[in-house]
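Chains as they are written, first to last, in my numbering: chain C, 208 to 544; chain X, 2 to 288.
We put the beta carbon where it would ideally sit given N, CA and C, even for glycine.
From a predicted model like this one, the values you see are computed outputs, not experimental measurements.
For reference, the structure is listed below as structure tokens.
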Amino acid sequence: MPLLSKLTEKLLIVDASKINSIDSIGAWTLQNYLRQFRQRGIEIRLQGWTQSTEQLMLQIEQQQAVPLLTKAATPFIKQLGMNAETIWKSSVALLSFIGQVAIAFGSNITLRSRWRWPIILNNIQTAGVDALAIIGIASFLLGIVVAYQGVDQLRHYGANIFVVDLIGYAMLREFSPLITAVIIAGRSSSAYAAQIGTMKIMEELDGMRTLGIDPINMLVLPKLVALILVLPLLTVFSDITSVAGAMIMARSQLEIGFHEFLTRFSTVIHPTSLLIGVGKAVIFAIVITVLGCFQGFCTKDDADSVGQQTTRSVVQAIFIVIALDAVFSVVFSLLGM
Amino acid sequence: MPYFLLCSAYWVCDVDTHNDAPKQKNVIEMKQICTSFGDHHVHTNLNLEVRHGEILGVIGDSGSGKSTLLREMMMLHRPDSGSIRVLDVDLATISDQLARDLYQRWGVMFQHGGLFGTLTIRANVGLPLREHTRLDDIVVDNIADWKIKLSGLQPESALLYPQELSGGMLKRASMARALVMDPALLFLDEPTAGLDPSGADGIDQLIMDIHKRYQSTIVMVTHDLDLLWQVTDRVAVLGEGRVLGIGSMLELSAMDHPIIRSYFDGPRGRSAQQQAHVVNQTSSLNI
């Protein structure tokens, strides 16, 4: 083949009488090769081809004359603008969704019979009871870790007993609500987004609407009520197990007995610390449910979308929870609580 | 005793009072409907009337806005402008209470069933009753099983989940749910799509039975030419953002518009037309 590139003649005859069969890819490759000769002005003549394969070669020659369609890449500024617009639109949609949920919640308070208790109880089981084990173990280990770090530093100053204060303030006010909310965001927010997203794709939401059932009333409110009831309880449970873990660490490293630990704990730690943690849990519950359900309703009509929305709901929920936690910290310290 | 319960069920549901609409009025009136998605105009000044008690087919090419039109009738989508009146209620100014009443007077059969995957067929069919009435669980289950049987399903299907049903059975189950409140108006979205010929035949027959039994008005979006020839009273052809022609299949076959002609001139169109003539002749002979 390389020899032919030095061709100086004006006519090239392609004889196919010895070819048994050729498929379209083979013909395409051949035409590709012949194109360089055409471009140099050399005439190509086909000889000995069957009628159908000659037609094939002609079709391919015509097709190769058509340039490849490409989509122009969007310039960076335009892409930036489009992203900004998307973020703006979804923020507005989220606000509108929060409004809808608030209206549905408000109108239900007057009609007691419209609370769907079987669904609420079911959600309490899946979001709450089923999470007890993981919350318990995670908090227990976190209690051990925080106590250990505290112990390490306090030992230098002989201030061992202050580990109780450290655990009381850190775990009850900050870490327990936070770790509980983060774990529940991962579990429940994703589950809600996935459930509602899949229902949207399978036309079940439309089916619900045409039956006169408001999807927010049936899907979002039960989850909201369940999580508002359950997350504070899980936070208290988390408080208990984390303090238990800290107690074990204090006993083994600092020889602070359980009795001594608990006595100091009850004198130094104010009930306010516990209540702040529990109060935060209520807010976190609302954030987790609303974001999870919102992303579910935003699902688009393809398979990728459910996964994307689930991920988005968890990431957003965790981020907002941590951001709110920071805000609360600042506010409470300003209020002197 | 079960008979007494069923009678009391009818009394509690007020089922019969829904069919007292005056016979002459149109069931659905759509005037000057304009709908667009972004820059794409789907409907431009579209007008459509659905007469009481008729079976109306809605056909049109892909993207002509048939499904959107159906969704607008069902209050799943609001048009940009124009007025829609369904069962004598203006959808633009409808109150929540009127909307709740309206939802109980129609039934919808979705293309892919639209049933809830976490409920059994019996629970799915009984869901409208549980939502809108205060009947006992046992009564609801019994009525659901009865409607499941009327839709041509085996009684055992009542305990299955939607994923466990074949396509034809799913459509019948969806039909059972649409029928559970004895609707005056039925919306069917592609009732025979994806079905084998005998399954589709069964759906044809089911639609005609339902029409005879309940005297409901039926609006169908479909591509199925056989269904159009054999079941519908009138057909509306959608295209270019409006209704290009409306009338019985015979009247449409005489119209000139190229989109309308494509339903009659192609090889499928002609054979469906022939088949309809054969059926009409045999049925008139059987009388």
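| query | result |
| --- | --- |
| Candidates Ala533(C), Val485(C) and Glu411(C): closest to Pro163(X) by CA position | Glu411(C) |
| For Gly26(X), the three-state DSSP class (helix, strand or coil) | Residue identity check: residue 26(X) is Lys in the sequence provided, not Gly. Lys26(X) falls in the coil class under three-state DSSP. |
| Residue from Ile435(C), Ile403(C) and Met409(C) whose Cα sits closest to the Cα of Pro422(C) | Ile403(C) |
| Minimum Cβ-Cβ distance from Met409(C) to chain X less than 8 Å | yes |
| Within 7 Å of chain X by C-beta, residues of the segment 420 to 450 of chain C in sequence order | Ile420 |
| Three-state class that DSSP yields for Asp81(X) in the structure shown | coil |
| C-beta contact flag for Lys148(X) and Ala177(X) at 8 Å | yes |
| Complete runs of the alpha helix (DSSP H) confined to the segment 355 to 388 of chain C [at least 4 residues] | 370 to 376 |
| Alpha helix (DSSP H) segment containing Met176(X), residue limits | Gly168 to Leu180 |
| Close-in-space but distant-in-sequence residues of the same chain around Ala100(X) (CB under 8 Å, 5 per side omitted) | Met76 |
| Option in His41(X), Leu70(X), Arg52(X) and Asn27(X) with minimal Cα separation from Val244(X) | Leu70(X) |
| Leu218(C) to Gln254(C) span [Cα, whole Å] | 12 Å |
| Val358(C) vs Ala451(C) beta-carbon contact at 8 Å | no |
| DSSP state of Asn315(C) mapped onto helix, strand, coil | helix |
| Met250(X) versus Tyr264(X), Gly242(X), Gly240(X) and Pro259(X), residue with shortest Cα-Cα distance | Tyr264(X) |
| Contact between the segment 91 to 110 of chain X and the segment 150 to 167 of chain X (3+ Cβ pairs under 8 Å) | no |
| 8 Å Cβ cutoff, Asp15(X) in contact with chain C | Summary for Asp15(X): the model assigns pLDDT 47, below 50, so the residue's position carries little reliability; its value from the coordinates is reported in the next sentence. It does not: the Cβ of Asp15(X) has no partner Cβ on chain C nearer than 8 Å. |
| Alpha-carbon to alpha-carbon, Asp413(C) and Gly118(X) | 14 Å |
| Selection of the segment 328 to 346 of chain C by Cβ proximity to chain X, strictly under 7 Å | none |
| Beta carbon proximity, Thr293(C) to chain X, threshold 8 Å | no |
| Endpoints, beta strand (DSSP E) assigned at Thr218(X) | Thr218 to Val222 |
| Chain C contacts from the segment 182 to 211 of chain X (Cβ-Cβ distance under 7 Å) | none |
| 7 Å Cβ shell around Gly246(X) - same chain, five flanking residues per side excluded | Val238, Leu253, Met256, His258 and Ile261 |
| 8 Å Cβ cutoff met for Cys35(X) and Asn46(X) | yes |
| Nearest-angstrom Cα separation, counted from Lys407(C) out to Ile288(X) | For Ile288(X), the pLDDT reaches just 44, beneath the cut-off of 50, and the residue's location in the model is therefore unreliable, although a value from the coordinates is still provided. Answer to the nearest angstrom: the Cα atoms are 48 Å apart. |
| Spatially closest choice to Ala334(C) from Ile527(C), Ile455(C), Val432(C) and Ile490(C), by CA coordinates | Val432(C) |
| Close beta carbons around Lys32(X), own chain, < 7 Å, minus the five adjacent residues each side | Asn48, Gly83 and Ser84 |
| Selection of the segment 74 to 88 of chain X by Cβ proximity to chain C, strictly under 7 Å | Met75 and Leu77 |
| Minimum C-alpha distance to Asp545(C) - residue among Ser228(C), Trp256(C) and Gln238(C) | With chain C covering 208 to 544 only, the question about residue 545(C) has no answer from this structure. |
| DSSP state of Leu302(C) mapped onto helix, strand, coil | helix |
| Chain C contact for Gly118(X) (CB, 8 Å cutoff) | yes |
| Bridge partners - Leu187(X), DSSP secondary structure assignment | Gly108(X) and Ile219(X) |
| Leu241(C) classed as buried or exposed, judged by whether at least 16 other C-beta atoms fall within 10 angstroms | buried |
| Buried versus exposed, by CB contacts within 10 Å (16 or more), Ser459(C) | exposed |
| C-beta atoms of Val1(X) and Met182(X) nearer than 8 Å | Missing from the structure shown is residue 1(X); chain X here goes from 2 to 288 and no further. |
| Bridge partner(s) assigned by DSSP for Met31(X) | Leu49(X) and Ile85(X) |
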